[in-house]
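Visitor: Questions regarding the structure given below will be posed in turn.
In my numbering, the protein residues as written are 369 to 563.
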């Protein structure tokens, strides 16, 4: 049985070769990046990778001396820590979602208030425009006054003017008679009307 154990155990790799490989890879990459930026020594990152791998893999100092029970216990503790971290991450995510939901509700309430204010403005505008002059054809309030409406030739003024001043008074009939009505024109449809 001892011969089988001796065959299974390598004489060269007495330490932790897989851990040394991983550590050497990371350290070699970082040292290689630093080397590229500053020193420019050829193959420095690769040399560091191989050196760390060989040192950690061949030295018994780096070998895992724990028993299988200790390894299982450490694995269980590590899994529990990972589970706690996952639970904390889930709790933070739930809290973040709740905060987002509250912000969304606050924004919706703000938008509803804006809509209500706009509706009130529209109602006030409609109440103001209710008393405005509207076009009888298209019901538009976009109307412009043309001036005070005058009647055409007035027979009464012509006769009165002729009697008082002689023949010149007939011209007074063309001056027209002022009324209380005003001429308007609709700027949308072009209709002219009196109010």
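Using N, Cα and C, we set each Cβ at its ideal position, and we do this for glycine too.
Remember, it's a predicted structure, so these values are computed and weren't measured experimentally.
Contact criterion: CB-CB distance below 8 Å. Does residue 484 meet it with respect to chain D?
Guide: Within the model displayed, chain D is absent; a lone protein chain is all it includes.
Visitor: Given a threshold of 16 other Cβ atoms within 10 Å of its Cβ, counted over all protein chains shown, does residue 323 qualify as buried or as exposed?
Guide: Lying outside 369 to 563, the shown extent of the chain, residue 323 is not represented and no answer is given.
Visitor: Among the residues of its own chain, which have a CB less than 6 Å from the CB of residue 386, if the five just before and after it don't count?
Guide: Numbered from its first residue, the chain shown carries residue 386 at position 18. None.
Visitor: Would you mind working out which of 426, 482 and 445 sits nearest residue 381, comparing C-alpha positions?
Guide: Here residue 381 corresponds to residue number 13 of the chain shown, with the count starting at 1. When only C-alpha atoms are compared, the closest one is 426.
Visitor: Excluding the five sequence neighbours on either side, which residues of its own chain have a C-beta within less than 8 Å of the C-beta of residue 514, listed in chain order?
Guide: To locate residue 514, count along the chain shown from 1; it is residue 146. Correct list, in chain order: 550, 551, 552, 553 and 560.
Visitor: Determine the closest residue to residue 414 out of 507, 563 and 392, with distance taken between C-alpha atoms.
Guide: By one-based count along the chain shown, residue 414 stands at place 46. For residue 414, the nearest C-alpha among the options comes from 392.
Visitor: Determine the direct distance from the alpha carbon of residue 379 to that of residue 437, and round the result to whole angstroms.
Guide: Along the chain shown, one-based indexing puts residue 437 at 69. Along the chain shown, one-based indexing puts residue 379 at 11. Taking the straight line joining both Cα atoms gives about 25 Å.
Visitor: By alpha-carbon positions, which one of 558, 467, 384 and 512 ends up nearest to residue 434?
Guide: Here residue 434 corresponds to residue number 66 of the chain shown, with the count starting at 1. When each option's Cα is compared against that of residue 434, the closest is 384.
Visitor: Check residue 405 in the structure and name its three-state DSSP category.
Guide: Taking the chain shown and counting its residues from 1, one reaches residue 405 at position 37. If DSSP states are grouped into helix, strand and coil, residue 405 belongs with the helices.
Visitor: Take the Cβ of residue 421 as the centre, count every other Cβ of all protein chains shown within 10 Å, and call the residue buried at 16 or more, exposed below.
Guide: By 1-based counting over the chain shown, the position of residue 421 is 53. Residue 421 comes out buried.
Visitor: Measuring CA to CA, which of 416, 488 and 409 is closest to residue 395?
Guide: One-based indexing of the chain shown puts residue 395 at position 27. Considering only alpha carbons, the answer is 416.
Visitor: Count the other CB atoms within 10 Å of the CB of residue 506; is the residue buried (16 or more) or exposed (fewer)?
Guide: The residue given as residue 506 occupies position 138 in the chain shown. Label assigned to residue 506: exposed.
Visitor: Indicate the three-state DSSP secondary structure (helix, strand or coil) for residue 416 in the structure shown.
Guide: Position 48 of the chain shown, counted from the start, is the residue given in the question as residue 416. Residue 416 falls in the helix class under three-state DSSP.
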